[in-house]
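Novice: Sending over a structure as structure tokens; questions will come in a sec.
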Amino acid sequence: MRGDRVRRRLVLSALAALPAAPGRAQAPRRPVIGVLMARDEHYSADLLRAGMQERGWVDGSYSLLVRSGGGSIDRLPALAAELVAANVDVIFALQTPAALAAKRATQTIPIVSWSGDPVGMGLVDSMARPGGNITGVDGAGSALGAKRVELLREIVPSMRRLAVLLNAVDPFNKPFLTQIQASAAMLVVEVVPIAAMVADLEPAFAELQARQADTVIVQPSLPLAAIAARLRAMRLPSVSQGRFYAASGGLMAIGGNTAEINRLVAFCLTQVLKGTPPRDIPVMFPTQFDLFLNLATAKALGLSLPPALVQRADEVIE
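Add 295 to a position in the sequence shown, counting from 1, and you land on the number used in this note's numbering.
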């Protein structure tokens with residue numbers, strides 16, 4: 296009996312060592328893309344999936360593990376640690392605070408970021424040779440600051456005091472403000488920086504009213520929908536980024552075309568998942584930009600939008 300048991304164990308061990316029969320081979324492991332963001336207003340799973348599909352990734356060939364801070368940058372380090380603990384194959388970080396949190400959380404898992412001024416923020420060594428474990432797309436957030444100043448002046452020729460609502464805890468607020476100041480100085484417009492805390496926007500609104508600004512630029516990492524509605528109620532022309540800002544009551548929004556940015560992100564993700572180190576993937580830039588105008592807000596503010604500007608808009612919200 297004992298000999299039979301020994302022989303049976305040997306047979307089972309031999310069978311376990313045999314390759315799987317044709318048609319029963321285990322499916323290859325699906326790569327997991329961790330998505331990290333403080334806010335979800337700039338994230339569209341549909342656009343990301345569309346970009347991935349263009350790169351040959353069909354539904355079910357990969358999975359997304361999404362972590363959002365719900366508007367709180369303070370939560371990003373813990374959320375980044377969760378993605379690292381889950382051993383995702385790559386992290387897609389939206390906006391500079393998320394990219395910085397991801398970089399602090401891991402030096403080994405590849406990171407693809409959609410952020411502003413990645414060199415100035417210390418995310419990469421250079422645009423052509425990022426170095427380290429990060430590459431991605433420069434959303435041109437700081438460069439767009441000058442364009443936002445110019446567009447506001449086009450709509451409000453009498454603009455003299457421009458407030459800039461800055462996210463107090465977003466490190467990108469400094470280059471964001473610097474670009475605006477440089478452009479405003481050329482137009483002899485005073486810039487009034489106002490730091491806003493996401494948890495309590497009221498002090499920022501009170502300061503905005505006290506400083507008697509006539510126009511406002513809003514940093515995109517702030518709660519845009521709530522701010523857009525409030526600035527409309529305060530009768531202040533404002534501009535930020537993303538269609539949702541204009542749709543929420545903001546006068547105007549301009550930023551990189553999100554479909555193109557997601558295609559560029561999908562390219563970077565695909566290269567990484569195929570084994571290319573992020574340090575060898577140059578940081579890319581969007582070439583298309585979307586302009587959104589809210590005609591109802593313009594009317595509520597008593598503004599007449601220049602016909603040429605309306606014609607240039609990618610969408611006019613009525």
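Ideal Cβ placement from N, Cα and C applies to all residues, glycine included. All figures in this text were calculated on a predicted structure; none of them were measured in a lab.
For D354, is the classification buried or exposed, using 16 other Cβ atoms within 10 angstroms of its Cβ as the cut-off for buried?
Specialist: As a first step, residue 354 must be located in the sequence shown, where it is residue number 59. Under this definition D354 is an exposed residue.
Novice: Taking contact to mean at least 3 C-beta pairs separated by less than 8 Å, is the segment 580–599 in contact with the segment 541–557?
Specialist: Yes: the two stretches touch, three or more of their Cβ pairs being nearer than 8 Å.
Novice: Once you ignore the five residues that flank V361 on each side, which residues in its own chain have a CB closer than 7 Å to its CB?
Specialist: Against the sequence shown, residue 361 aligns to sequence position 66. Closer than 7 Å at the Cβ level, and outside the excluded window around V361, lie V330.
Novice: If I measure Cβ to Cβ from M347 and keep anything under 6 Å in the same chain, skipping five residues before and after, which residues do I get?
Specialist: Sequence index remark: in the sequence shown, residue 347 carries index 52 (1-based). A561.
Novice: Ends of the alpha helix (DSSP H) at L596?
Specialist: Taking the first residue of the sequence shown as 1, we reach residue 596 at position 301. Counting along the chain, L596 falls outside any alpha helix (DSSP H), and DSSP gives it neither H nor E.
Novice: So, under 8 Å CB-CB, S367 and V493 are touching, yes? Tell me the CB distance rounded to an integer number of Å.
Specialist: In the sequence shown, residue 367 corresponds to position 72, counting from 1. In the sequence shown, residue 493 corresponds to position 198, counting from 1. Correct: roughly 7 Å between the Cβ atoms.
Novice: By DSSP, does V484 sit in helix, in strand, or in coil?
Specialist: Indexing the sequence shown from 1 puts residue 484 at position 189. DSSP places V484 in coil when its eight states are reduced to three.
Novice: Does the pairing of the segment 405–416 with the segment 375–390 give three or more beta-carbon distances under 8 Å?
Specialist: The segment 405–416 vs the segment 375–390: in contact.
Novice: Report the three-state DSSP secondary structure of I522 (helix, strand or coil).
Specialist: Position 227 of the sequence shown holds residue 522. I522: helix per DSSP, three-state reduction.
Novice: Would the beta-carbon of E485 fall within 8 Å of that of L457?
Specialist: By 1-based counting over the sequence shown, the position of residue 485 is 190. By 1-based counting over the sequence shown, the position of residue 457 is 162. A contact, by the Cβ cut-off of 8 Å.
Novice: Counting along the chain, where does the beta strand (DSSP E) carrying G329 start and finish?
Specialist: As a working mapping, residue 329 is identified with position 34 in the sequence shown. First-last of the beta strand (DSSP E) with G329: 327–332.
Novice: Taking G417 as the reference, give the member of P466, V483, I512, A521 with the closest Cα.
Specialist: Translated into the one-based positions of the sequence shown, residue 417 becomes position 122. It is P466.
Novice: Thinking C-beta only, is V414 closer than 8 Å to A400?
Specialist: Within the sequence shown, numbered from 1, the residue matching residue 400 stands at position 105. Within the sequence shown, numbered from 1, the residue matching residue 414 stands at position 119. No; because the gap between Cβ atoms is not below 8 Å, this pair is not in contact.
Novice: Return the CA-CA distance between L371 and I386, expressed in angstroms with no decimal places.
Specialist: Here residue 371 refers to the residue found at position 76 when the sequence shown is read from its first residue. Here residue 386 refers to the residue found at position 91 when the sequence shown is read from its first residue. Using only the alpha carbons, I get a separation of about 13 Å.
Novice: Exposed or buried, M394, counting other C-beta atoms within 10 Å across all chains shown (16 or more means buried)?
Specialist: Walking along the sequence shown from the start, residue 394 turns up at place 99. In the sequence under discussion, the amino acid at residue 394 is Ala, which differs from the Met named in the question. That one is buried.
Novice: If I follow the unbroken alpha helix (DSSP H) through A380, where does it start and stop?
Specialist: Walking along the sequence shown from the start, residue 380 turns up at place 85. 371–380 is the span of the alpha helix (DSSP H), which, as asked, contains A380.
Novice: Can you give me the Cβ contacts of A316 inside the same chain, cut-off strictly under 8 Å, excluding the 5 residues immediately before and after it?
Specialist: By one-based count along the sequence shown, residue 316 stands at place 21. Low confidence applies to A316: its pLDDT is 43, below 50, so where it sits in the model is not reliable enough to give any reading.
Novice: Taking Cβ to Cβ, would you say M422 is nearer than 8 Å to V578?
Specialist: Here residue 422 is taken as the residue at index 127 of the sequence shown, counted from 1. Here residue 578 is taken as the residue at index 283 of the sequence shown, counted from 1. Closer than 8 Å, so yes.
Novice: Hey, would you say L459 sits closer than 8 Å to I429, going by beta carbons?
Specialist: Counting from 1 along the sequence shown, the entry for residue 459 is found at position 164. Counting from 1 along the sequence shown, the entry for residue 429 is found at position 134. According to the sequence as given, residue 459 is Val; it is not Leu. No, the pair does not count as a contact, with Cβ atoms beyond the cut-off.
Novice: Can you name, in chain order, every residue of its own chain whose Cβ lies under 7 Å from the Cβ of V605, other than the five neighbours on each side?
Specialist: Indexing the sequence shown from 1 puts residue 605 at position 310. Excluding residues within five positions, the ones whose Cβ falls inside 7 Å are L588, V611.
Novice: Report yes if the C-beta distance between P573 and P425 is below 8 Å; otherwise report no.
Specialist: Against the sequence shown, residue 573 aligns to sequence position 278. Against the sequence shown, residue 425 aligns to sequence position 130. Yes, the pair counts as a contact, with Cβ atoms nearer than the cut-off.
Novice: At a cut of 8 Å, does the segment 437–446 reach the segment 468–481 through at least three beta carbon pairs?
Specialist: Cβ pair count under 8 Å is three or more, so yes.
Novice: Run through the DSSP bridge pairs and tell me what E610 is partnered with.
Specialist: Within the sequence shown, numbered from 1, the residue matching residue 610 stands at position 315. F587.
Novice: What would DSSP say about T430, mapped onto helix, strand or coil?
Specialist: Taking the first residue of the sequence shown as 1, we reach residue 430 at position 135. Reduced to three states, the DSSP call for T430 is strand.
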